[in-house]
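Asker: Numbering (the UniProt record's numbering), first residue to last: 1 to 42.
Glycine included, C-beta positions come from ideal geometry on N, C-alpha and C.
Only a predicted model underlies this, so the values are computations on that prediction, with no experimental measurement involved.
First the structure, which I've put down as structure tokens, then a few questions once you've had a look.
Below, the structure is given as structure tokens:
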């Protein structure tokens, strides 16, 4: 069997500044996650 290709995953937190104050959102300490889907090309 050929190995199953892994799909790319990006994990991130968000920062934004309002009236000179910077806020962070990290999804309650879990970070946001985006995982690719569909076919991959070697």
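Could you check how far apart the C-beta atoms of residue 36 and residue 8 are, in whole angstroms? I think they sit under 8 Å.
Answerer: Indeed, because the Cβ distance is near 5 Å, the residues count as touching under 8 Å.
Asker: Output needed for residue 11: all residues of its chain with C-beta closer than 6 Å, excluding positions within five of it in sequence on either side, in chain order.
Answerer: Cβ within range, chain order: 31 and 33.
Asker: I need the boundaries of the beta strand (DSSP E) containing residue 29, first residue and last residue.
Answerer: Looking at the DSSP string, residue 29 is not in any beta strand (DSSP E), and its letter there is neither H nor E.
Asker: Is residue 16 helix, strand or coil by DSSP?
Answerer: In the structure shown, residue 16 sits in a strand (DSSP, three-state: E or B).
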